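J.:
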Amino acid sequence: MAKKYEYIRKPEWLKIKINTNKSYTGLKKLMRDKKLNTVCEEARCPNIHECWSERKTATFMILGDTCTRGCRFCAVKTGLPNELDWGEPERVAESVEIMGLKHVVVTAVARDDLKDGGAAVFAETVKAIRRRVPGCTVEILPSDMKGDYESLHTLMDGKPDIFNHNIETVRRLTKRVRARAMYDQSLTLLKRVKEIAPDTPTKSSIMVGLGETKEEIVQAMDDLLAHNVDIMTIGQYLQPTKKHLNVERYYHPDEFEELKKIAMEKGFKHCEAGPMVRSSYHADEQVNETSAQRRIKYMKGYESQGEELDEVKF
1 MAKKYEYIRK PEWLKIKINT NKSYTGLKKL MRDKKLNTVC EEARCPNIHE CWSERKTATF
61 MILGDTCTRG CRFCAVKTGL PNELDWGEPE RVAESVEIMG LKHVVVTAVA RDDLKDGGAA
121 VFAETVKAIR RRVPGCTVEI LPSDMKGDYE SLHTLMDGKP DIFNHNIETV RRLTKRVRAR
181 AMYDQSLTLL KRVKEIAPDT PTKSSIMVGL GETKEEIVQA MDDLLAHNVD IMTIGQYLQP
241 TKKHLNVERY YHPDEFEELK KIAMEKGFKH CEAGPMVRSS YHADEQVNET SAQRRIKYMK
301 GYESQGEELD EVKF
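Numbering-wise, UniProt numbering puts 212 at position 212 of the sequence shown, and it's gapless, one number per residue.
#1: Under the three-state reduction of DSSP, which class applies to residue 8: helix, strand or coil?
#2: Where do the N-terminal and C-terminal ends of the alpha helix (DSSP H) with residue 153 fall, by residue?
#3: With three or more beta-carbon pairs closer than 8 angstroms as the criterion, would you say the segment 120-136 touches the segment 243-259?
#4: Residue 61 by DSSP, collapsed to three states: which one?
#5: Whether or not the segment 162-170 and the segment 108-128 are in contact is what I'm after, with contact meaning three or more pairs of Cβ atoms, one per stretch, closer than 8 angstroms; do they touch?
#6: Got a sec, what are the start and stop residues for the alpha helix (DSSP H) residue 273 sits in?
#7: Whole angstroms is fine: what's the gap from residue 294's alpha carbon to residue 97's?
#8: Would the C-beta of residue 285 count as close to the ligand ADP, meaning under 6 angstroms from any of its heavy atoms?
#9: Report the three-state DSSP secondary structure of residue 203 (helix, strand or coil).
#10: Just the C-alpha distance for residue 202 and residue 185, rounded to the nearest angstrom, thanks.
#11: So residue 154 packs on residue 179, CB below 8 angstroms; how close in whole Å?
#12: Secondary structure at residue 208, three-state DSSP: helix, strand or coil?
#13: Examine the Cβ distances between the segment 182-196 and the segment 214-228 and report whether three or more of them are shorter than 8 angstroms.
#14: Look at the alpha carbon of residue 220 and the alpha carbon of residue 182, and state the distance between them as a whole number of angstroms.
#15: Whole angstroms are fine: how far does the CA of residue 253 sit from the CA of residue 237?
#16: For the alpha helix (DSSP H) that contains residue 256, what are its first and last residues?
#17: So, at 6 angstroms on beta carbons, what are the nonlocal neighbours of residue 84 in its own chain, with the 5 sequence-adjacent residues on each side left out?
#18: Would DSSP call residue 1 helix, strand or coil?
#19: How would you write the range of the beta strand (DSSP E) that residue 224 sits in, first residue to last?
#20: Report the residue ranges of all beta strand (DSSP E) runs contained in full by the segment 115-186; include only those spanning at least 3 residues, in chain order.
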């Protein structure tokens, strides 16, 4: 980082409206009681209040709270990880059931110390959620598992509704932004998921504001489409601390609208783009028709308890 770097002030459109209602506070207390981690908190996601309070969705972070990598954009702590907790999948599933969540994203710290990168725990977590809450849709967001594609079969054994793996930035900036991860390795991982489970939507995300050009963003879109990725999200990079990468510039909401239009015209089935958009933003809307119908059938059970189905957005 340059010693005399002049920090750019955040524009008005990046101000967050906080809504800490009973749903939010209840979920936060439950996470602490069950000794669970969420990337919503660890990565300081700006959408935590909307997701927890309004959309009944959450992103659980399994395999501990300590990452073996040190990406220069990420606020999750790094260091030596803890022992595997095989009781974690059931605690995640129990929490999903208690809170009546309709969509869950399961992500994890990178566990390069594990031979399978944590794939077995991922799969068991998805299965545990399915057993307790059959209608809840589940998205998984793993690391690249160091390119171990045998572990990918283990990972997909849980049959997630969406497979998400982020390339994070454009090709030129990957080495500077991501620790140990490689642009082409991430693309290959996404393509192989499609080969294993052709009907499972695949998804990836990039941050902007790190010094990339519009042409490089468009090229990243083309690269993802060439590897059969269905869904793309584009959001503004926000510097977590002064130790992390600087924000080179803030994109205007109109620029995000333009990028979304380009992505959809190019052939993505779904694209979320905006200053506050993160990988899991509105993830509940991105499942395929089969998964959506399973969730609708399950949510009908709430009608007898006074909750109208048409009030729930899918």
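Every residue, glycine too, gets a C-beta built ideally from N, C-alpha and C.
Bear in mind the structure is a predicted one, so any value in this text is a computation, not a measurement.
T.: By the coordinates alone:
#1: It is coil, neither helix nor strand.
#2: From DSSP, the alpha helix (DSSP H) with residue 153 extends over 149-156.
#3: no
#4: strand
#5: no
#6: First-last for residue 273: 270-274, but that is the beta strand (DSSP E), not the alpha helix (DSSP H).
#7: 16 angstroms
#8: Absent from the structure shown: the ligand ADP. Ligands present: none.
#9: strand
#10: 15 angstroms
#11: Incorrect: roughly 24 angstroms between the Cβ atoms, too far for contact.
#12: strand
#13: Touching, per the Cβ criterion.
#14: When rounded, the distance between both Cα atoms is 14 angstroms.
#15: 13 angstroms
#16: 253-266
#17: Cβ within range, chain order: n/a, list empty.
#18: In this prediction, residue 1 scores a pLDDT of 43, lower than 50, which makes its location untrustworthy; the coordinate-derived value is nonetheless stated afterwards. Here residue 1 sits in coil by DSSP.
#19: Element bounds for residue 224: not the beta strand (DSSP E) but the alpha helix (DSSP H), 214-226.
#20: 137-141, 162-164
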